[in-house]
Every structure is written in C-alpha cells, then in structure tokens.
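In our numbering, the protein residues as written are 10 to 395.
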Ligand code: MRU
C-alpha cells in the first residue's frame, strides 16, 4: 500500500490547488488556481498536464472563480451568466490543442448551462450552481473511470498473454495520478496488475523532451512501491528484444473515430516496435478522450512546443559529499537550475504528440470496457462510443 495518495489536484468548493509538475520530483509544491487566467497559464506552461487533469483543472478553476464572485454574478441576467461562462470555457479550450478532454468537458458544460436557461424560475445563481456541481461531478467521475479502466485493462492483458503472474509492462509518458483526478489510465492498469500480484515489473521511458516518464511516472512508481525500471527512449527496442515484455500500455490525448490515437511524442515508435516484436499494444483512456467528430488521425492538431524544451535540461545541482570516500552525490533540491545542452544555432523540431495508426493498436480500454478490432480489422468505434 502506498503511504499516501498522490494528488495533482486538491479541490474544495471555492478553492483549487495544483501540484506544480514543473518542480517534480525535486519539490512538491501546491499552487492556488482560483481563476481562469491562472488556469490557462498553468495548463499552457504544463504546471498541470495530462489530458484528463487539464480538463478538470480548467473547469474547476472556472467553478472557483464563479463561486468566489457569485455576489457580482447574481446581478447578471441568467442569459449573460451563460454567455460569460461560455466565453470563459472557449478561452480555456485554447490553452492546448491536442487533448480533446477539455473541449469535451467545455461542450458538455455549455450544453448544460444553455439547457438550464429554459428551467422554470431560472436565475443566474441557478446557472452558476448548476455549473459548479457539474464540474465537481467531473472530478469525482474521473477517479471512478480510471479505476474501471485499470480493472478492464489488467483483465484484458492477463487474458491476452495467458498469464496471471510475471507480467512485464512498458509505459510511456505519465498517465497516472498526476495526469488525472487520481489513479491514472495506463498507469491505472499497471496499478491494477500490481494489486493482484500479476505484475512482475513495470518499465517507463524517460519521455524526452519534457521527461514526464523520468520526472513523474518514475516518481509515481516509486511512491506506489511498484517494481520498476526507467529506460531512456532509445532503449525500447533492446528492452523488447531482451526483457520478455508482455504489453506496452499508453494513454491518449485524442482517439479519432477510426481508432487512430494521438498521444505523447514517441508513442508511435513504440507501437511500431510492439508490432515488430509481437507485443500487445494497448491504449487506455476515458471516453472523454474519444472524439468521434474527428474521422482519423490526420484531423488531429498536433501541438508544437517551444524549441528551448529540447535544448535545455533542468534539475537540482549536485555536489560530491566530501565526507564520503568515492564521492557520494548530494542532490541540492533547493537549487534547481536549467542547463543548455545543445550547440548554439541548431534548429529544433518539437512536436508534443504523434499519432499512432489504429492498425498498430490491439485494444482501446475505456471505463466502459475494451474495444478490439472486428473481423475486418477495424475498431467498431461508432458502435462502442456513440
Ligand atoms: O504533454 P502532456 O504531458 O500533457 O502529455 C500527456 C500525454 O500524452 C498522456 O499520455 C495523455 O494525456 C494521457 S494522460 C492520462
């Protein structure tokens, strides 16, 4: 059992805090996010990241802003309260383009508040309360959904590889408690396999350039006491060749209507490796990541991040402990610095995500269960998610 639950998001009505993921694993500092501009900036700068967490922080920040300004909103007409909410949601959606979860949440909340306008005796207070309660429900539902994903995915992998023990899994990026309301999606499957003693080992990639794997997933795996090993991204082929990996499990930022899946840059190359080595490739995501309006991966906008993320590494300074022979390393967590590690003048390519074609994916796991390809080799997405 973990000593305590890792939480990316701390919410009570009127107050929202997020764990600043730019500082992990060196420092664990929660920062207040009590209004929309702060949420937009926190998402853009990746102080909070991961498709479900982005959506939840955005809508809860608006819920907090509305809650704390309810006396001024009360004087608005219900129609102008709805207009204000819709404008703020539209603005939040512009923070990062690839993950669909925030657009999905915004669409649902816009429809709900619009519908509430036709309620009998509608007031602006009713609009605001309806919004706040629905945003709070999204936080609670994400935790439940992740646990269901964990269970469905673990059962599927176990059956697919015919093992209830000694399962070895590779994952990419961070899809755990830090990327969601809690528990995680792909990492939720790893947690579920671990909880039934089916997992013998988890491997996580470093996930350059932002290092969600080494900074965040490794942190979660250590926190959960799950036996785990970190690899750099370019070690995956050798790992699959030599370490008897049962499955690669990843999250998703957007699953298109044909099953093509956008996820963290590097996912696509892992799927190609999985096909080459005959290893199961599993995508785990809540249904809020499924976008039936986008026909295929070609329609998914891939976020391009700034070049400095590739040029720079950051971390605490290290010194040798003079008291110890052989130079024990002392990590100075209070002194985190960024260091440029590339030649001046070099160009940089920094797409934050890539699209894995459905052809390379064996299973899509959501809270509703597992979708596999039909006899024509196609994921029956409309049937499963409409
Ligand atoms: O750029 P990030 O860190 O937001 O990217 C995160 C991922 O790609 C995750 O795999 C995805 O959002 C799923 S998180 C449950």
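Built from N, CA and C at the ideal position, the CB exists for glycine as well.
Handout entry: Simplified DSSP assignment, three categories, for residue 15
Key = coil
Problem - Helix, strand or coil at residue 116 [DSSP, three-state] - result: helix
Handout entry: residue 301 in three-state terms, based on DSSP
Key = coil
Practice task
May I ask you to report which of helix, strand or coil DSSP gives residue 328?
Solution key: strand
Handout entry: Exposed unless 16 or more other CB atoms sit within 10 angstroms - verdict on residue 385
Key = exposed
Exercise for the section: Examine the ligand MRU and report whether any of its heavy atoms sits within less than 8 angstroms of the Cβ of residue 18. Expected result: no
Exercise for the section: Give the straight-line distance between the Cα atoms of residue 10 and residue 212, rounded to the nearest whole angstrom. Expected result: At residue 10 the pLDDT is 40, less than 50, meaning the model places this residue with poor confidence and gives no usable figure here.
Practice task
Counting only the same chain and skipping the five closest in sequence on each side, list residues whose C-beta sits under 7 angstroms from that of residue 394.
Solution key: 296, 299, 301
Exercise for the section: Mind reading off the beta-carbon distance from residue 309 to residue 280? Whole number of angstroms is fine, and I expect it under 8 angstroms. Expected result: The pair is not a contact, with the Cβ atoms about 15 angstroms apart (cut-off 8 angstroms).
Exercise for the section: Would you give the residue range spanned by the alpha helix (DSSP H) that residue 151 belongs to? Expected result: 133 to 170
Practice task
Give a single yes or no on whether residue 397 has its beta carbon closer than 8 angstroms to a heavy atom of the ligand MRU.
Solution key: Any property of residue 397 remains undetermined from this structure, which presents the chain solely from 10 to 395.
Exercise for the section: Please list, in chain order, all residues of the same chain as residue 19 whose beta carbon is under 7 angstroms from its beta carbon, the five residues on each side excluded. Expected result: 26, 39
Practice task
Confirm, please, whether the CB-CB distance from residue 269 to residue 184 is below 9 angstroms.
Solution key: no
Practice task
Output the residue ranges of the beta strand (DSSP E) runs that lie fully inside the region 267 to 325 and measure 3 residues or longer, sorted by chain position.
Solution key: 270 to 273, 289 to 293
Exercise for the section: Confirm, please, whether the CB-CB distance from residue 44 to residue 36 is below 9 angstroms. Expected result: no
Practice task
Using a threshold of 9 angstroms, state whether the C-beta atoms of residue 155 and residue 207 are closer than that.
Solution key: no
Practice task
For residue 239, name the three-state secondary structure that DSSP assigns.
Solution key: strand
Practice task
Taking only heavy atoms of the ligand NAP into account, decide whether any of them is closer than 8 angstroms to the Cβ of residue 302.
Solution key: The model depicted lacks the ligand NAP and carries the ligand MRU instead.
Handout entry: Pairwise C-alpha distance: residue 106 and residue 34
Key = 26 angstroms
Practice task
Take every Cβ of the region 337 to 351, pair it with every Cβ of the region 376 to 385, and state whether three or more of those distances are shorter than 8 angstroms.
Solution key: no
Practice task
State buried or exposed for residue 343, treating a residue as buried only when at least 16 other CB atoms are found within 10 Å of its CB.
Solution key: exposed
Practice task
Under 7 angstroms Cβ to Cβ from residue 49, same chain only, skipping five residues before and after it: list those, please.
Solution key: 100, 101, 104
Practice task
Take residue 357 and list the residues in its own chain whose beta-carbon comes closer than 7 angstroms to its own, dropping the five residues that flank it on each side.
Solution key: 316, 319, 320
Handout entry: Alpha carbon of residue 391 to alpha carbon of residue 303, nearest angstrom
Key = 12 angstroms
Handout entry: Contact under 9 angstroms by Cβ, residue 362 with residue 257
Key = no
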